[in-house]
Amino acid sequence: MLSRFLLERERNPIPGCFDNKYIILNFVIAGRDTTAGTLSWFLYVLSRNQSIQDKIARDVRDATTGDDGDASGVHGFTTYLTEDAMNKMHYLHAALSETLRLYPAVPFVSSPAGYVRDGLGRMLIVA
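All letters in the sequence shown, in the order written, are residues 25 to 151 by the numbering used here.
So, in structure tokens, the structure goes:
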């Protein structure tokens with residue numbers, strides 16, 4: 025989503041519009057509670073199932089081990105933690121997706137008082 029804002033800023037360079045610091049601040053503020061809630065549920069689910077922990081640890085270890093087979097320590101881990109490595113962490117992705125399915129960060133979208141949504145998702149005023 026941030027990349028779309030950056031592309032729009034390049035196409036339409038209005039001073040002050042699509043300013044990076046405000047966009048990033050908005051993401052941080054909006055995502056704080058939902059991210060914290062999701063991570064809390066994810067850690068809870070992990071704490072209840074040792075085999076899932078082991079599979080995720082193996083998935084991360086396999087994805088962040090270099091060609092020489094060594095990713096020991098924090099330095100080795102951060103060296104091999106790339107976007108490509110993260111794309112290889114299929115089990116971790118599946119576990120996070122399942123956590124979001126079971127415990128959605130935003131469980132429902134409500135309509136303001138006096139409004140109702142029709143079958144197409146449009147807001148209608150209740151008379």
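C-beta atoms are modelled at their ideal positions from N, C-alpha and C, and glycine is treated no differently. All values derive from a computational prediction rather than experimental measurement.
Going by beta carbon distance, what residues of the same chain come within less than 7 Å of THR88, once the five residues before and after it are set aside?
-> The answer, listed in chain order, is ALA95, PHE101, TYR104, LEU105, ALA109.
Among TYR68, LEU31, ILE76, HIS114, which residue has its Cα nearest to the Cα of TYR127?
-> TYR68
Beta-carbon spacing of LEU116, ILE80 below 7 Å | yes
Expressed to the nearest angstrom, what Euclidean distance is found between the alpha-carbon atoms of LEU49 and VAL84?
-> 30 Å
Residue burial classification, THR58 (beta-carbon count within 10 angstroms, cutoff 16) | When all chains shown are included, THR58 counts as exposed.
Three-way DSSP call (helix, strand, coil) for THR123 in this model = helix
Coarse secondary structure for ARG85, derived from DSSP in three states | Here ARG85 sits in helix by DSSP.
DSSP-derived helix/strand/coil call for LYS112 | coil
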